[in-house]
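Heads up, the thing below is written out as structure tokens.
Numbering (UniProt numbering), first residue to last: 1 to 263.
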């Protein structure tokens, strides 16, 4: 077949192959888009059950027609745990969906789990050590280090082999995060109250091992094995100002009444 092709086609030999590959890629992309569109439609149909018809019509149209650029760009899924900045006894699972916005800045939206009906519970900003070092001292009190989350294996990328995410975590271990949860879902089935500042664990014995074991089983990861694989990742020195709760004093958000100012 190849010999016949060379004898009857005067085009450069590589062009026919490129054309064939191009058709194959286009076909594959079309198939993938079709599959994703089908999944999205099915998801919309599932979560729209019980909603008024006029809402379901808008959901269906918006889901298939409107581009969602910020959401599409959030390609990284991280699963970990946070504690309330003023209460280590309140620990909650957090599914992060993140985008690497700038070389030294990530931004994440946080849900209680990775599911179609997941509750939006908060946000997190992640910055480099250099940027953290430049922050005002009062601002630093809102931030936590990621060294233990990474080294302990508690922070994972479900479904992605550790080898593939290795370089990511080698960078993440040196970073700092500022996290607010807008839904205290460990207490209420409704987003009552003001956003709460959250922190991360910094050493063994702080995290609830039962919660971690249940998470590991449910999402198909092993924190202990992940910890072993990351053992040779260097542990950075934590910069002063982060993890303020370790001093025995911390900060938390509260509702404060103030005079209203008109222009």
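For each residue, glycine too, the CB sits at the ideal point set by N, CA and C.
Only residues of its own chain outside the window of five on either side were considered, and among them 141, 250, 251 have a CB closer than 7 angstroms to the CB of residue 244, listed in chain order. Taken through DSSP and simplified to helix, strand or coil, residue 196 comes out as strand. Restricting attention to 151, 183, 116, 212, the CA atom closest to the CA of residue 203 is found in 151.
According to the DSSP assignment, residue 111 belongs to the beta strand (DSSP E) that extends over 105–111. In the three-state reduction of the DSSP assignment, residue 94 falls in the strand class, which pools E and B. Counting every other CB atom within 10 Å of its CB across the protein chains shown gives residue 84 a total of 16 or more, marking it as buried.
Counting C-beta atoms within 10 angstroms of its own C-beta, residue 225 has fewer than 16 neighbours from the protein chains shown and is therefore classed as exposed. In the DSSP assignment, residue 120 falls within the beta strand (DSSP E) that extends over 120–127. By the criterion of a C-beta distance shorter than 8 angstroms, residue 95 is surrounded in its chain by 77, 78, 79, 110, 111, 112, 113, 114, 118, once the five residues flanking it on both sides are discounted.
The Cβ atoms of residue 180 and residue 124 sit closer than 9 angstroms to each other. Around residue 253, the same chain offers 194, 195, 196, 197 as residues with beta carbons nearer than 7 angstroms, after the five sequence neighbours per side are excluded. In its chain, beyond the 5 residues on either side, 150, 151, 153, 169 have a beta carbon closer than 7 angstroms to the beta carbon of residue 230.
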